[in-house]
Amino acid sequence: MEITGPLTIGLVDKLDGIGRELHVGFTEAFRRLPLREQGEQFDAYVAALGEAVWARGEDDPDRAGMLLVHQIAEQLLPHVVAGELALGDTIVVELGGGLPLGGSLTDLL
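Going from the sequence shown to our numbering is simple: count from 1 and add 107.
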């Protein structure tokens with residue numbers, strides 16, 4: 108499954124070989140928007156992604172990856188709305204080697 112929206116998402120193996128990193132950024136088109144529009148679009152994106160997550164069954168292989176992205180986006184939302192993030196930077200989230208993500212996040216990308 109591919110998630111479309113204001114985020115760019117990449118999955119990178121850590122250099123030490125233990126676990127992975129999720130690299131989250133913002134698309135160029137999103138970064139060009141005025142702050143008010145960024146907040147409105149990101150809020151709508153978080154809501155739509157949440158609806159898509161809950162519409163899937165718990166056994167759906169894409170659900171875990173979508174849920175992870177949704178949780179990260181929820182945490183970013185107030186900071187995007189307030190203009191507190193440097194949208195050109197990449198946010199790195201460390202994923203431990205033992206997380207039960209399976210291939211779902213890889214399939215998501």
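Heads up, the beta-carbon is just placed ideally off N, CA and C, and yes, glycines get one too.
Given the structure is predicted, the values throughout are model-derived calculations rather than measurements.
Name the DSSP beta bridge partners of VAL176, please? Partner(s): none; VAL176 has no beta bridge.
Just to confirm the assignment, what range does the alpha helix (DSSP H) spanning ARG127 have? Note, ARG127: premise wrong, no alpha helix (DSSP H); beta strand (DSSP E) at 127 to 133.
Segment limits, alpha helix (DSSP H) that includes ASP150: From DSSP, the alpha helix (DSSP H) with ASP150 extends over 142 to 162.
How big is the Cα-Cα spacing for ARG127 and THR197? Note on geometry: alpha-carbon atoms of ARG127 and THR197 lie some 15 Å from one another.
Span of the beta strand (DSSP E), counted from its first residue to its last, around ASP120: Where ASP120 is concerned, the enclosing beta strand (DSSP E) stretches over 114 to 120.
Once you ignore the five residues that flank LEU184 on each side, which residues in its own chain have a CB closer than 7 Å to its CB? For LEU184, where only same-chain residues beyond five positions count, the Cβ hits under 7 Å are PHE149, ASP150 and VAL153.
Residues near GLY190 by beta carbon distance below 6 Å, same chain, minus five either side: Leaving aside the five residues that flank GLY190 on each side, the residues in its chain whose CB is nearer than 6 Å to its CB run, in chain order, LEU142.
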